[in-house]
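To start, the structure under review is shown below, and the notes come after it.
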Amino acid sequence: MKTLQVIIVEDEFHSRETLKAFLTEYCPQVELVETASNVEEAIEKISSLRPNLVFMDIELQTGTGFDVIQQVKHLDFHLIFTTAFEHYAIKAIKYSSIDYLLKPIDLDELLAAVQKVNALIASESRQHMLENLLTNFQISNPENRRICLSTAEGMEFIPANHISFCEANGSYTDFHLTDNRKLVVSKNLKEYETLLADMNFMRVHNSFLINLDEVKKFIKSEGGYIVMNNDKQVSISNSKREEFMKRMGI
């Protein structure tokens with residue numbers, strides 16, 4: 000297993016020391032090469048040491064973790080954010096498939112995040128993930144954000160408004176896109192229902208989460224179903240009909 004060279008960017012002494020202790024004791028694949036406590040120090044150390052992985056507090060003494068990412072020239076590292084609260088930026092982070100840990104850091108969640116980085120270490124997508132994160136963070140309209148979807152072939156960055164509907168497929172989710180492509184992603188539908196909650200998406204059935212902007216028509220007969228703009232049919236639960244019709248202005 001390849002050693003992960005790690006930099007911790009954290010301005011709180013206790014949080015920094017706790018993370019250092021966890022990594023030293025429980026993550027033998029990690030080599031802690033440096034720490035930083037402010038934006039300027041973080042930029043200098045990341046740029047000169049070129050780590051594989053950076054743990055980054057969102058709020059720092061002289062700015063934010065996003066200030067660091069915007070000013071580092073080489074986005075060739077994996078990133079795990081740390082934060083003490085549900086930060087306004089968490090949504091942009093989730094869209095971009097970047098991990099984050101809530102403080103106080105839970106050891107099991109930390110180990111899972113490091114294991115995920117190990118699995119991705121050979122991937123060439125990390126620069127695209129960080130660039131996508133910066134783009135999503137700067138976009139005020141959620142519908143214009145791109146979602147990072149991890150498929151068997153690699154990472155795909157899809158504008159949210161290019162999603163027609165999502166379909167449950169066991170512990171997987173099938174993304175049906177407006178160009179008629181289908182992407183299979185190894186997360187369940189509930190995760191995407193939460194992620195897309197502030198966009199114009201609705202869970203209309205246990206198996207379906209739809210983009211309401213992509214609805215072509217609603218057929219009331221035969222138990223009722225929805226036809227999307229790509230002419231695919233989606234089931235609707237009786238319990239969801241009233242909410243669906245209200246949101247569609249019917």
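Okay, so the sequence shown: first residue is 0 according to the working numbering, each after it adds one.
Think of the CB as a built atom: it goes at the ideal place given N, C-alpha and C, for glycine as much as any other residue.
6 Å CB neighbourhood of residue i in its chain, flanking five on each side removed
{"i": "asparagine 187", "result": "Ser170"}
{"i": "proline 158", "result": "Arg145"}
{"i": "tyrosine 99", "result": "Phe80 and Ile92"}
{"i": "glycine 62", "result": "Val38"}
{"i": "phenylalanine 12", "result": "none"}
{"i": "serine 185", "result": "Tyr171"}
{"i": "alanine 167", "result": "Leu188 and Ser206"}
{"i": "alanine 151", "result": "none"}
Supposed close pair residue i, residue j - CB separation, criterion 8 Å
{"i": "isoleucine 235", "j": "tyrosine 224", "result": "6 Å"}
{"i": "tyrosine 191", "j": "threonine 172", "result": "6 Å"}
{"i": "isoleucine 7", "j": "isoleucine 45", "result": "In fact, because the Cβ distance is near 11 Å, the residues do not count as touching under 8 Å."}
{"i": "asparagine 179", "j": "aspartate 212", "result": "Between aspartate 212 and asparagine 179 the Cβ distance is about 17 Å, and since that is not below 8 Å, they are no contact."}
{"i": "glutamate 33", "j": "leucine 48", "result": "6 Å"}
{"i": "asparagine 117", "j": "serine 163", "result": "Not confirmed; about 34 Å, so no contact."}
{"i": "isoleucine 97", "j": "leucine 78", "result": "6 Å"}
{"i": "histidine 175", "j": "lysine 231", "result": "6 Å"}
Member of the options whose CA lies at the smallest distance from the CA of residue i
{"i": "alanine 83", "options": "Ile68, Lys102 and Ile97", "result": "Lys102"}
{"i": "leucine 52", "options": "Thr63, Val29 and Asn205", "result": "Val29"}
{"i": "serine 206", "options": "Gly222, Cys165 and Ser47", "result": "Cys165"}
{"i": "isoleucine 249", "options": "Asn228, Asn229 and Lys216", "result": "Lys216"}
{"i": "glutamate 24", "options": "Val71, Phe65, Asp10 and Leu109", "result": "Leu109"}
{"i": "methionine 198", "options": "Arg246, Asn168, Val233 and Leu3", "result": "Arg246"}
{"i": "aspartate 107", "options": "Arg240, Leu194, Thr193 and Cys26", "result": "Cys26"}
{"i": "leucine 182", "options": "Ser149, Phe65 and Ala112", "result": "Ser149"}
{"i": "threonine 193", "options": "Val214, Ile89, Ala151 and Glu152", "result": "Ile89"}
{"i": "leucine 195", "options": "Ala151, Lys219 and Cys147", "result": "Cys147"}
8 Å CB neighbourhood of residue i in its chain, flanking five on each side removed
{"i": "glutamate 242", "result": "Met201"}
{"i": "valine 67", "result": "Val8, Val38, Ala41, Ile42, Ile45, Met55 and Leu59"}
{"i": "valine 203", "result": "Ile209, Ile225, Val233, Ser234, Ile235, Ser236, Lys239 and Phe243"}
{"i": "isoleucine 104", "result": "Ser14, Thr17, Leu18, Phe21 and Thr81"}
Proximal residues to residue i (C-beta, below 7 Å), its chain only, five neighbours per side dropped
{"i": "valine 71", "result": "Ile42, Ile45 and Ser46"}
{"i": "proline 50", "result": "Gln4, Val5, Ile6, Val32 and Phe76"}
{"i": "threonine 269", "result": "What is shown of the chain runs 0 to 249, which leaves residue 269 out entirely."}
{"i": "lysine 115", "result": "Asp98"}
Could you tell me whether the segment 38 to 49 touches the segment 13 to 21, using the rule of 3 or more Cβ pairs below 8 Å? No contact exists between the segment 38 to 49 and the segment 13 to 21.
Beta strand (DSSP E) runs contained entirely in the segment 35 to 90, provided each spans 3 or more residues: 52 to 56 and 77 to 82
Entirely within the segment 132 to 198 and at least 3 residues each: give me those beta strand (DSSP E) ranges in chain order. 145 to 150, 153 to 158, 162 to 168, 171 to 176 and 181 to 184
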